[in-house]
Amino acid sequence: AQSVTQLDSQVPVFEEAPVELRCNYSSSVSVYLFWYVQYPNQGLQLLLKYLSGSTLVKGINGFEAEFNKSQTSFHLRKPSVHISDTAEYFCAVSGIGGTALIFGKGTTLSVSS
Amino acid sequence: KAGVTQTPRYLIKTRGQQVTLSCSPISGHRSVSWYQQTPGQGLQFLFEYFSETQRNKGNFPGRFSGRQFSNSRSEMNVSTLELGDSALYLCASSEPTGMSTEAFFGQGTRLTVV
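Right, here's the structure in full:
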């Protein structure tokens, strides 16, 4: 079985500051890792995914994440955030070949000017 | 290419009633998954259908059921609604072949049980 822990429920930052949203996972098998973003009253949009290969993954909107197998982490980072990045961010895991996504509880990123 | 379409977007039902939600996946996608999102429990996997067969199921009571049609459209049904079933229900479609597994989500159906 897999589980995901997002270590911060809320992250407030100022515009143009860097941000890191933390995600740890637990699994007895190899996994795929994902970050999704959800804007108010919307579905989920994929930011980036790690399937295999390079541990540094680049996604849309300037986001990137690093897979660390020894620390079972997949933290999301952005060097400079914008007001428009204000949203809920979800880390998710699935077993390789699996079809069910297991989500963390989410992190609310609030960007202010 | 059209995205995942869920209907209706909003729904209000009375406790004890039943409800059916619909999901049309991206053209060509054969896998459809359903998730329940609530403030308390977060996002939880309900079930997944692939080529008209339920391939995976989460930990929900039997009141929650689904089906998939030959055109890959899917419906989920909740019978004997309870107040706790109030949630955003999200549908995701994917074509899980090779290394390209990626779920595309619809905007969801907001169900309110009163």
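Heads up: the sequence lines are chains E and W, in that order. Sequential numbering of the first sequence, starting at 5, is according to our numbering. Sequential numbering of the second sequence, starting at 463, is according to our numbering. Note that CB positions come from ideal geometry on N, CA and C, so glycine has one too. Values in this document were obtained by computation on a predicted structure and should not be read as measured data.
- Glu514(W) places its beta carbon 8 angstroms or farther from that of Gly528(W).
- Thr574(W) and Phe18(E) have their C-alpha atoms some 35 angstroms from each other.
- At least one beta carbon of chain W lies nearer than 8 angstroms to the beta carbon of Phe107(E).
- Glu24(E) sits exposed, since fewer than 16 C-beta atoms from the chains shown fall within 10 Å of its C-beta.
- Under the three-state reduction of DSSP, Leu550(W) is assigned to strand.
- Following the DSSP letters along the chain, one finds Thr90(E) in no beta strand (DSSP E), marked with neither H nor E.
- Looking at Ala554(W), Lys475(W), Gly524(W), Gly570(W), the one whose alpha-carbon comes closest to that of Ser534(W) is Ala554(W).
- Assignment of Asn45(E) by DSSP, reduced to helix, strand and coil, places it in the coil class.
- Only residues of its own chain outside the window of five on either side were considered, and among them Gln42, Gly110, Thr112 have a CB closer than 6 angstroms to the CB of Glu92(E), listed in chain order.
- Nearest neighbour of Phe38(E) by Cα position, chosen from Arg26(E), Asp89(E), Thr90(E), Pro44(E), turns out to be Arg26(E).
- It is roughly 11 angstroms from the alpha-carbon of Phe567(W) to the alpha-carbon of Ser486(W).
- With respect to chain W, the C-beta atom of Tyr54(E) has no partner C-beta closer than 8 angstroms.
- Assigned with DSSP and collapsed to three states, Ile64(E) falls in helix.
- Listed along the chain, the chain W residues whose CB falls inside 7 angstroms of the CB of Phe94(E) are Leu505.
- Counting along the chain, Gly528(W) sits inside the beta strand (DSSP E) bounded by residues 526 to 530.
- Closest in C-alpha terms to Gln503(W), from the list Phe526(W), Leu550(W), Gly490(W), comes Leu550(W).
- Cβ proximity to chain W below 9 angstroms picks out Tyr40, Gln42, Asn45, Gln46, Gly47, Leu48, Gln49, Leu50 from the stretch 40 to 52 of chain E.
- Within 10 angstroms of the beta-carbon of Val576(W) lie fewer than 16 other beta-carbons, which makes it exposed.
- Here the alpha carbon of Gly524(W) sits roughly 16 angstroms from the alpha carbon of Tyr511(W).
- Annotation for Lys82(E): the continuous beta strand (DSSP E) segment containing it runs 77 to 82.
- In this structure, the alpha-carbon of Pro22(E) lies about 35 angstroms from that of Gln468(W).
- A distance of 8 angstroms or more separates the beta carbons of Leu80(E) and Phe71(E).
- Inclusion of Thr76(E) and Asn28(E) in the CB contact set at 8 angstroms is warranted, their separation being smaller than that value.
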